[in-house]
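Participant: Note that the sequence shown covers residues 1 to 387 in UniProt numbering. All C-beta atoms, glycine included, are put in the ideal place defined by N, C-alpha and C. My structure is below; once you've seen it, I'll send some questions.
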Amino acid sequence: MELLYGPIRDYAWGSRSAIAALQGRPVPSDGPEAELWLGAHPGAPAMVDRDGNRVSLVDLLVAEPDHWLGERVVDRFGTRLPFLMKVLAADAPLSLQAHPDAEQARAGHAADAARTDGHRNYVDPYHKPELLVAISPMEALCGFRDPAESAQVLAAFGVPALEPVVAALRTGPAGLREAVRLLLTWPSAERAGLVEAVVAADVAGPDAELARALAAGYPGDPGVLVALLLHHVELAPGEGIWMPAGNLHAYLRGTGVEVMAASDNVLRGGLTPKHVDVDELLRVLCFEVLADPVVTARPVAPGVVCWPVPVDDFALHRVTVDAATPQVRLPLPGPRVVLCRAGKLSVDDGAGVVTIGPGQAAVGTAVAEPLVFSGEGEAFVATCGAH
């Protein structure tokens, strides 16, 4: 194992305390810190030390793919790390968004090569399923809830203009597409009035509070109303949410560890000043009810839990080393990325031992032995799910 140095993305919605506090730096930070990237995505690759310099993990993978990735991963994914691990820290809502499946990503990336308007939806040809595990209380919108429930929520505002949307939702899941289309294509000149009417309605409850909170940051954005069609999830630390391709979602606030397929393809529908492509979003969205977006941890060994997901790009485990379990052996094939969340841990992969504290990370190759953790603390381990 060796130390891995990840870049921090300074998106406007980021926290000025969460990542800095995790890494033991002064709080508040100089500006928003939204995501700590721990992987080999070309957009912001992590670095390792080599002969007094820091070298991109991307360059090391290209130079020695079998050593770093292993034959199975290279055969399945090519000479790239197929997953990206992040710490995500949100002080304000992220955009209402979804990600494409593998076929959509390949086709979209090829089509985008001919675009001349500068608005590329597909920056790479890969899909982007995601798993997020909260490390603080966290709020998110994730997946469509029962449209009958959504119809009741919208109808309660008593806004006549919303009647076609309510009628579509009352037809059940078959009406979800039409309801979302109506809202996202609402005439531009009428959007502010529609959102204002909803916010001004004499309605109490969590849905009304959510609409008012979102409208305060994004007045006149129909995404405020689309948000009311989704599950509003409040995660406790250790709980996760699984976001497959085509799942409409938005993080609202809180801090979590996220692992995903190594892609940066995002299709936005609102709650953002960034580029929104409603037609493309409607094309890739999965208009199905997501029964339960929350994923609970499953014990797999003493001191180890995981959050099962139905993809082979990645897997995420949490290791806890304490008096009850003073040493944890984790026989996961490489490559491995380890993030220490708390305490102080020594991690031995048979090729080298590294000691990491809160907010520090390490990376190991595919040819090393199982990971052995000692010390006292907690760590998250991301690896490829293709075993």
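Taking only the alpha-carbon atoms, compute the straight-line gap between GLY256 and LEU84 and give it to the nearest angstrom.
Facilitator: Taking the straight line joining both Cα atoms gives about 14 Å.
Participant: Return the chain-ordered list of same chain residues with a C-beta closer than 8 Å to the C-beta of THR79, the five sequence neighbours on each side being excluded.
Facilitator: Cβ neighbours of THR79 beyond the five flanking positions: LEU61, VAL62, PRO65 and LEU69.
Participant: For ILE135, which three-state DSSP category applies?
Facilitator: Correct three-state label for ILE135: coil.
Participant: Compare the Cα-Cα distances from ILE8 to each of MET1, GLY39 and GLU2 and report the closest residue.
Facilitator: Among MET1, GLY39 and GLU2, the Cα nearest to that of ILE8 belongs to GLY39.
Participant: Only counting the same chain, and skipping five residues up and downstream in sequence, which positions put a Cβ closer than 7 Å to that of ILE135?
Facilitator: So the list reads PRO237, THR255, GLY256, VAL257 and ARG341, once near-sequence residues are dropped.
Participant: Near ARG106, what residues of its chain come up, given a Cβ to Cβ distance below 6 Å and the 5 sequence neighbours on each side ignored?
Facilitator: Taken in chain order, the residues that qualify are PRO125.
Participant: Select from PRO219, GLY269 and LEU332 the residue whose C-alpha is nearest the C-alpha of residue 392.
Facilitator: The chain is shown from 1 up to 387; residue 392 falls before or after that span and cannot be answered.
Participant: Roughly how many angstroms separate the alpha carbons of SER150 and MET47, rounded to a whole number?
Facilitator: Going from the Cα of SER150 to the Cα of MET47 covers about 46 Å.
Participant: Which first and last residues belong to the beta strand (DSSP E) in which GLN23 is found?
Facilitator: Taken as a continuous stretch (DSSP letters only), GLN23 belongs to no beta strand (DSSP E), as it is neither H nor E.
Participant: Whose CA, out of VAL55, PRO28 and ASP30, lies closest to the CA of GLY6?
Facilitator: The shortest Cα separation from GLY6 among VAL55, PRO28 and ASP30 belongs to VAL55.
Participant: When you compare only the Cα positions, how much space is there between GLN360 and GLN23?
Facilitator: One C-alpha to the other measures close to 7 Å.
Participant: Distance, Cα to Cα, VAL180 vs PRO187?
Facilitator: Near 14 Å, if we compare the C-alpha coordinates of PRO187 and VAL180.
Participant: I think THR185 touches VAL284, with their Cβ atoms under 8 Å apart; what is that distance to the nearest whole Å?
Facilitator: 16 Å between Cβ atoms; not a contact.
Participant: Taking the Cβ atom as the reference point for each residue, do SER380 and VAL328 lie within a distance shorter than 7 Å?
Facilitator: A quick correction: the sequence has Phe, not Ser, at residue 380. Against a cut-off of 7 Å, the Cβ pair of VAL328 and PHE380 comes out as no contact.
Participant: Let me know if VAL300 comes out buried or exposed under the rule of 16 or more other beta-carbons within 10 Å of its beta-carbon.
Facilitator: Exposed, since its Cβ has fewer than 16 Cβ neighbours within 10 Å.
Participant: Please identify the residue among LYS344, VAL305 and ASP313 whose C-alpha is closest to the C-alpha of LEU330.
Facilitator: Selected option, being the one with the closest Cα: VAL305.
Participant: Can you give me the C-alpha to C-alpha distance between PRO129 and LEU169, rounded to a whole angstrom?
Facilitator: If you take the alpha carbons of PRO129 and LEU169, they lie about 27 Å apart.
Participant: Look at the Cβ atom of VAL233, then the Cβ atom of PRO147, and state whether they are nearer than 7 Å.
Facilitator: Going by C-beta atoms, VAL233 is not nearer than 7 Å to PRO147.
Participant: Give every residue of the same chain whose Cβ lies closer than 7 Å to the Cβ of HIS387, excluding the five residues on either side of it in the sequence, and list them in chain order.
Facilitator: Any reading at HIS387 needs caution, since the residue's pLDDT is 47, under 50, leaving its predicted position unreliable; the model's value is listed next. Cβ neighbours of HIS387 beyond the five flanking positions: PRO333.
Participant: Would the region 101-117 count as touching the region 196-204 if we require 3 or more Cβ pairs under 8 Å?
Facilitator: As far as the Cβ criterion goes, the region 101-117 does not touch the region 196-204, which means the pair count is below three.
Participant: Is GLY14 helix, strand or coil by DSSP?
Facilitator: Looking at GLY14 - three-state DSSP - the assignment turns out to be strand.
Participant: For PHE157 versus VAL203, is the C-beta distance shorter than 7 Å?
Facilitator: Contact: yes.
Participant: Which residue's Cα is closest to the Cα of GLY205: GLU280, GLY270 and LEU154?
Facilitator: Residue LEU154 is the option with its Cα nearest to GLY205.
Participant: May I ask you to verify whether the region 218-230 touches the region 259-273, counting CB pairs closer than 8 Å and requiring at least 3?
Facilitator: Touching, per the Cβ criterion.
Participant: Along the beta strand (DSSP E) that carries PHE83, what are the first and last residues, could you check?
Facilitator: Segment 83-90, the beta strand (DSSP E) holding PHE83.
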